[in-house]
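Here the structure is laid out as C-alpha cells; the discussion comes afterwards.
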Amino acid sequence: MAAGQNGSRPKIAARRVSKVYPTVDGSMVALEDFSLDVADGEFVCVVGPSGCGKSTFLRMIAGLDAISAGTIEIAPGVEPGKPLNSVVFQEYAIFPWKTVIDNVAFGLQMRGVGKAERLGRARYWLDRVGLGKFAQYYPHQISGGMKQRVSIIRALANDPEVLLMDEPLGALDAQTRVVLQEELLRIWEETRKTVVYITHSLDEAVLLGDRVILMSAQPGRHLATFEIDLPRPRTADALNTPRFAEYRALIWEKLSREVKRAMEQQQ
Ligand SMILES: Nc1ncnc2c1ncn2[C@@H]1O[C@H](COP(=O)(O)OP(=O)(O)OP(=O)(O)O)[C@@H](O)[C@H]1O
Ligand SMILES: [Mg+2]
Numbered sequence: 001m002a003a004g005q006n007g008s009r010p011k012i013a014a015r016r017v018s019k020v021y022p023t024v025d026g027s028m029v030a031l032e033d034f035s036l037d038v039a040d041g042e043f044v045c046v047v048g049p050s051g052c053g054k055s056t057f058l059r060m061i062a063g064l065d066a067i068s069a070g071t072i073e074i075a076p077g078v079e080p081g082k083p084l085n086s087v088v089f090q091e092y093a094i095f096p097w098k099t100v101i102d103n104v105a106f107g108l109q110m111r112g113v114g115k116a117e118r119l120g121r122a123r124y125w126l127d128r129v130g131l132g133k134f135a136q137y138y139p140h141q142i143s144g145g146m147k148q149r150v151s152i153i154r155a156l157a158n159d160p161e162v163l164l165m166d167e168p169l170g171a172l173d174a175q176t177r178v179v180l181q182e183e184l185l186r187i188w189e190e191t192r193k194t195v196v197y198i199t200h201s202l203d204e205a206v207l208l209g210d211r212v213i214l215m216s217a218q219p220g221r222h223l224a225t226f227e228i229d230l231p232r233p234r235t236a237d238a239l240n241t242p243r244f245a246e247y248r249a250l251i252w253e254k255l256s257r258e259v260k261r262a263m264e265q266q267q
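Be aware that the sequence shown starts at 1, since it is given in my numbering, and climbs by one per residue.
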C-alpha cells in the first residue's frame, strides 16, 4: 500500500527532489523533481537505467549527499535513540581489521551501547543468518556472500528507522543471490522494516518489493509505479509463477526503452 492512502504519515517523504552536480563545463542535472512517499513498514524497490540517479537519491535520503532542491524527511519513531537510517552498499563496506562480530556490532558501539549488549545483539544476528561460527573470523577469511550478509546484519543490528540498500546483492553470483534474497524476505517478514532498495535486477525488485518505482534515464525522474500484489510471505518459488512473469514483462517493457535512451545519451 502506498504511503498516505490510509491518512497516516509516510515514513519517508521525498518531495520534488532535484540534484545538480557541477561539471567541468557547467552543471549536470542528475535527478529532477523526484517525489516518493514510503509508508512505515513498506518495502520499495527502485529500478532505472545506469546513471539515472538512483544512488544519488539514496545518498540524499541517508544525508550523505546534499539536496539541490526539494525536501526529504524521515519520520522519527516513538522509541527514542534509534538511528534514522542505515545504509548497505554494493561493495562490502566492512572493516578488514575488525572481526566479523565487531563489524556487526560497530554501529552499536558508535552509539555507545555497552559491550555485553552490543555483542549479544551482534551474536543474535550472526546466528540468525548462519554466521555464528564465523564471529571471530576477519573479513578476508570469509566469502563474498558472507561479507555481504555481514554488511546487511550490521545495518539491521543498528535497528534503524529505515533501511537503505543500494544493490546490496549486486556483486554476488546468481545462486548466492537467491539464497540471500530469501533471507532478506524472511528477515523483513519478522522486522517489517521500512526499506528503500535499489537494484538492477527486475526479478529481485518484483520478488522483494511491495512497490517497484521506475526511474527515467538521466535526469532521473519518476516514470512509473508498479504495485506488486504477490502474496506474502514470499519465497524464491514466486519467481516461477505466471503472475511473476507478467510483472517482469510489464516493467521490462518500460525499463528497456529507458535503458536504450540512456545508452543513446552516452554516445
Ligand atoms: N559526486 C558526483 N559528482 C558529479 N557527478 C556525479 C557524482 N555522483 C554521481 N554523479 C553523476 O550523477 C548521475 C547519477 O549517478 P548515480 O550514481 O546516482 O546513478 P545510478 O542510477 O546509481 O547508476 P548505476 O545504476 O550505474 O549505479 C551520473 O551521471 C553520475 O555521473
Ligand atoms: Mg548506483
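Even glycine gets a Cβ: it sits at the ideal position worked out from N, Cα and C.
Only a predicted model underlies this, so the values are computations on that prediction, with no experimental measurement involved.
Residue j beta carbon less than 7 Å from that of residue i
i	j	result
Phe43	Asp210	yes
Ala75	Lys19	no
Val162	Asn85	yes
Val38	Thr194	yes
Val129	Ile153	yes
Gln181	Leu207	yes
Val17	Ile198	no
Arg123	Ala157	no
Leu230	Ala238	yes
Rounded straight-line distance, which links the Cα of residue j to that of residue i
i	j	result
Gln136	Gly114	19 Å
Ala245	Gly81	42 Å
Pro168	Leu31	22 Å
Met146	Ile187	16 Å
Tyr247	Leu255	12 Å
Ala69	Ser216	18 Å
Arg257	Arg234	29 Å
Ala62	Ala205	21 Å
Leu36	Ala13	6 Å
His222	Cys52	10 Å
Ile67	Phe34	11 Å
Gly112	Glu91	26 Å
Tyr21	Gly132	43 Å
Met165	Phe134	24 Å
Glu79	Asp159	11 Å
Arg232	Glu183	14 Å
Ala155	Gly107	8 Å
Arg9	Gly26	38 Å
Asp65	Asp127	34 Å
Arg149	Gly170	13 Å
Asn240	Glu189	21 Å
Glu117	Gln267	54 Å
Gly144	Val196	23 Å
Leu214	Val179	25 Å
Option in the options with minimal Cα separation from residue i
i	options	result
Glu253	Lys133, Leu239, Ala224	Ala224
Asn103	Arg111, Gly112, Ala93	Ala93
Ser201	Ala155, Leu172, Arg128, Thr191	Leu172
Glu73	Leu180, Cys52, Arg15	Arg15
Arg192	Gly41, Arg9, His222, Arg121	Gly41
Ala271	Gly170, Gly48, Ile213, Thr71	Given a span of 1 to 267 for the chain in the structure shown, any question on residue 271 remains unanswerable.
Lys260	Arg177, Ser50, Ser8	Ser50
Gln109	Phe134, Lys133, Arg9, Pro83	Pro83
Pro242	Pro160, Gly220, Asp203	Asp203
Lys54	Gln267, Ile228, Val212, Gly144	Val212
Met28	Thr99, Gly220, Arg149, Leu185	Gly220
Thr71	Ile228, Gly107, Met60	Met60
Trp125	Ile228, Ser151, Arg177, Lys98	Ser151
Ile142	Gly170, Thr99, Asn240, Asp65	Thr99
Residues of its chain near residue i, where Cβ-Cβ distance is below 8 Å and the 5 sequence neighbours each way are ignored
i	result
Pro96	Tyr138, Pro139, His140
Leu250	Phe226
Gly77	Glu161
Leu119	Ile101, Ala105
Close Cβ partners of residue i (< 7 Å) along its chain, the five nearest in sequence each way excluded
i	result
Gln265	Ala217, Gln218
Arg177	Leu169
Ile228	Val206, Gly209, Asp210, Arg211, Val212, Tyr247
Nonlocal neighbours in the same chain, by C-beta distance under 6 Å from residue i, ignoring five residues either side
i	result
Leu185	Arg234
With a cut-off of 5 Å, give the chain-ordered residues whose Cβ is closer than this to any heavy atom of ligand 1. Result: Tyr21, Ala30, Ser50, Gly51, Cys52, Gly53, Lys54, Ser55, Thr56.
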